[in-house]
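22 is the number of the first residue of the sequence shown in our numbering; add one for each residue after it.
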Amino acid sequence: MALLTPEDLKNINRQLQEADSAVRRVTGLDIKGVCKDFYGTTSCGEKIGIVPVTSGNGIIGNFSASLHAITEYFGFDSFVTNMPDVSGYYEAVRNGAQIILMADDNTFLAHNLKNGKIANNQPCTGIIYAEIASRYLKADSKDVLAVGLGKVGFPGVAHFVHKGFRVYGYDADRALLEKTVFSLGITPFDPENPRKFSIIFEATPCADTIPEAALSENCVISTPGIPCAISRELQEKYGVELVMEPLGIGTASMLYSVL
Ligand SMILES: NC(=O)C1=CN([C@@H]2O[C@H](COP(=O)(O)OP(=O)(O)OC[C@H]3O[C@@H](n4cnc5c(N)ncnc54)[C@H](O)[C@@H]3O)[C@@H](O)[C@H]2O)C=CC1
Ligand SMILES: NCCC[C@@H](N)C(=O)NCCCC[C@H](N)C(=O)O
């Protein structure tokens, strides 16, 4: 799995504010508004314990601090434990955490200790980025281009299909593309024979994965993928509404899904 770097998380508040503005332009709601409306939940300032985890590649600089900034931005009361791992978990519960946020190299979870609900970052991220794109006020059809059908992309594509969108999917992994075509009934997108879309969803760890020929004027590209799916030059040339942020939107989705 592609891991975040401290660089990805620099100026997280500015990145979150820019993403919030883009989500407002695209949907008419801010990130919190989309999450509340989609999950049907609301925050009462729940106390969140953020527990650093040292396993595998270890602690990622800025990760816990970014989660602290993100949870405060969305109106929660949060703290980062002094200790990591098991001691940190114990510290979080002893200090009154109602929700635990913690991540190793494979799983980033939110666990609500009061109601038992638990969320995984990958599906929550794919679903919320798809939900945002599905609400695009200027969409000219229900056709969606989806590039990247992995642990984030597949749940996002399933969400589009569930909402009645026609998904044209592509993944560099041919077997995965075939599995997704078979299981979700999507149409394979042929990069050699592209067409234009006003809704594009991308979840890959590669840059510049969206062909210029697929971009329509003022299309939305809703992409959790890091690095960015298109160049700044193409974004400006086509007036693309880019919804892209490294951690906060997916974390908000996790939190509102466990309230
Ligand atoms: N912004 C956020 O909040 C989050 C971002 N991410 C990022 O989302 C991306 C995807 O994460 P996962 O789904 O967990 O990874 P994954 O490895 O499960 O899926 C990525 C998929 O992209 C495909 N792919 C790679 N290069 C491609 C290309 N050039 N064209 C088409 N398909 C290509 C791979 O074959 C794979 O199926 C990663 O960059 C990850 O860091 C993940 C979670 C949250
Ligand atoms: N964008 C949200 C998904 C993040 C995920 N791609 C990742 O880097 N996961 C590793 C997080 C490891 C955190 C570390 N154990 C710490 O606690 O600092």
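Backbone N, C-alpha and C fix where the C-beta goes; we use that ideal spot for every residue, glycine too.
| said: Please classify Y157 as buried or exposed, where buried requires at least 16 neighbouring CB atoms within 10 angstroms. | reply: buried
**Prompt:** According to DSSP, which residues form a beta bridge with T208?
**Reply:** Y189
For S219, report the span of its beta strand (DSSP E) as first-last.
F218 to E223
- request: Could you pull out every residue in the same chain whose Cβ sits closer than 7 Å to the Cβ of D51, ignoring the five residues on either side in sequence?
  value: D41, V44 and R45
Under 7 Å from any heavy atom of ligand 1, does the C-beta of K172 make it? yes
Quiz item: If you draw a straight line from the C-alpha of P245 to the C-alpha of C227, how long is it?
Solution: 11 Å
- So what does DSSP say about N141, is it helix, strand or coil? strand
**Message:** If I follow the unbroken alpha helix (DSSP H) through D106, where does it start and stop?
**Reply:** D106 to R115
Subject >> Straight-line Cα distance separating D98 from V114 >> reply: 14 Å
### Task
Would you check whether ligand 2 has a heavy atom nearer than 7 Å to the C-beta of A124?
yes
Exercise. Answer yes or no: the CB of E238 versus the heavy atoms of ligand 1, is any distance below 7 Å?
Key: no
Residues bridged to G282 (per DSSP): What the structure shows of the chain is the stretch from 22 to 280, and residue 282 is not part of that stretch, so it cannot be assessed.
request  = Would you mind stating whether A154 and V241 have Cβ atoms separated by less than 8 Å?
outcome  = yes
- For I242, write down the residues that DSSP places opposite it in a beta bridge. I221 and L263
- Message: According to DSSP, is S155 part of a helix, a strand, or is it coil?
- Response: helix
Q. Can we count P144 as close to ligand 2, meaning its CB is less than 7 Å from some heavy atom?
A. no
Same chain only: Cβ atoms within 8 Å of E93, ignoring 5 sequence neighbours per side: S99
Checklist entry - Do V165 and F218 have their C-beta atoms within less than 8 Å of each other? => result yes
Which first and last residues belong to the beta strand (DSSP E) in which N133 is found? F129 to N133
Notebook entry, point to check: Which residues in the same chain as K184 place their Cβ atom closer than 7 Å to its Cβ, once the five residues preceding and following it in sequence are excluded?
Noted result: S155
State buried or exposed for Y111, treating a residue as buried only when at least 16 other CB atoms are found within 10 Å of its CB.
exposed
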